[in-house]
Amino acid sequence: MAEDWFRVGKVVNTHGVRGEVRVISSTDFSDERYAVGSELMIRLQTNEEVSVTVSHHRIHKQFDLLQFEGYSSINDVEKFKGCTLYVSSQYLTDLDEDEYYYYEIIGCSIMTDQGATIGR
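Residue numbers (the working numbering): 328 to 447.
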């Protein structure tokens with residue numbers, strides 16, 4: 328079965344000289360997605376996919392700052408600027424009842440209290 332990947336953020340810049348990247352997160356679960364040991368995929372602007380493992384995560388102002396195993400200098404992560412971060416579907420956790428991931432509800436029809444159907 329093909330693996331599905333879900334966007335969790337975008338690398339907008341580097342931070343410092345020790346290999347941290349500044350990420351604008353698009354996930355509601357940043358603590359879980361960016362936990363030490365989490366595996367992510369970065370899609371480079373050449374469409375090449377690079378697997379990375381989070382070695383450090385912290386929040387600075389409105390950004391998530393991440394460092395990856397094996398990437399210890401600014402020179403190593405410069406190529407990630409402007410790239411998108413993804414998490415594999417195998418790492419998605421079950422949500423509570425009546426909670427859904429966006430991909431689960433896109434394209435669904437909605438029934439209003441008045442009986443009207445919105446959508447498809």
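C-beta atoms are modelled at their ideal positions from N, C-alpha and C, and glycine is treated no differently.
So, helix, strand or coil for K406, using DSSP?
Your numbering for residue 406 matches position 79 in the sequence shown. Residue state, collapsed to three classes: helix.
*asked:* Contact defined as beta carbons within less than 8 angstroms: I believe I401 pairs with V344. What is the distance between those atoms, to the nearest angstrom?
replied: The sequence position of residue 401 within the sequence shown is 74, counting from 1. The sequence position of residue 344 within the sequence shown is 17, counting from 1. Going by Cβ atoms, the distance from I401 to V344 rounds to 5 angstroms, so yes, they are a contact pair.
>> Less than 8 angstroms between the C-beta atoms of I369 and F407, yes or no?
In response: What you label residue 369 is simply residue 42 of the sequence shown in a count that begins at 1. What you label residue 407 is simply residue 80 of the sequence shown in a count that begins at 1. A contact, by the Cβ cut-off of 8 angstroms.
Requested in this report: Using a threshold of 8 angstroms, state whether the C-beta atoms of S399 and G346 are closer than that.
Outcome: Along the sequence shown, read from residue 1 onward, the residue named residue 399 stands at position 72. Along the sequence shown, read from residue 1 onward, the residue named residue 346 stands at position 19. Their beta carbons are under 8 angstroms apart, which means S399 touches G346 by this criterion.
Report task. Evaluate contact between the segment 385 to 397 and the segment 433 to 441, counting only Cβ atoms and requiring at least three cross-stretch pairs below 8 angstroms. Result -> no
| query | Can you name the start and end residues of the beta strand (DSSP E) that S448 belongs to? | reply | Residue 448 lies beyond the range of the chain shown here (328 to 447); nothing can be said about it.
Using 8 angstroms as the threshold, is the C-beta distance between V381 and L393 below it? For the purposes of this step, residue 381 is taken as residue 54 along the sequence shown, with counting starting at 1. For the purposes of this step, residue 393 is taken as residue 66 along the sequence shown, with counting starting at 1. Yes; because the gap between Cβ atoms is below 8 angstroms, this pair is in contact.
Review point. Leaving out the 5 sequence neighbours to the left and right, which residues in its chain are closer than 7 angstroms to Y413 when beta-carbon positions are compared?
Key: The sequence position of residue 413 within the sequence shown is 86, counting from 1. Result list for Y413: W332, F333, R334, V335, L367, M368, R370, in chain order.
- Task: Report the partner residues of E376 according to the DSSP bridge assignment.
- Result: As a working note, residue 376 is residue 49 in the sequence shown. E376 is bridged to R370.
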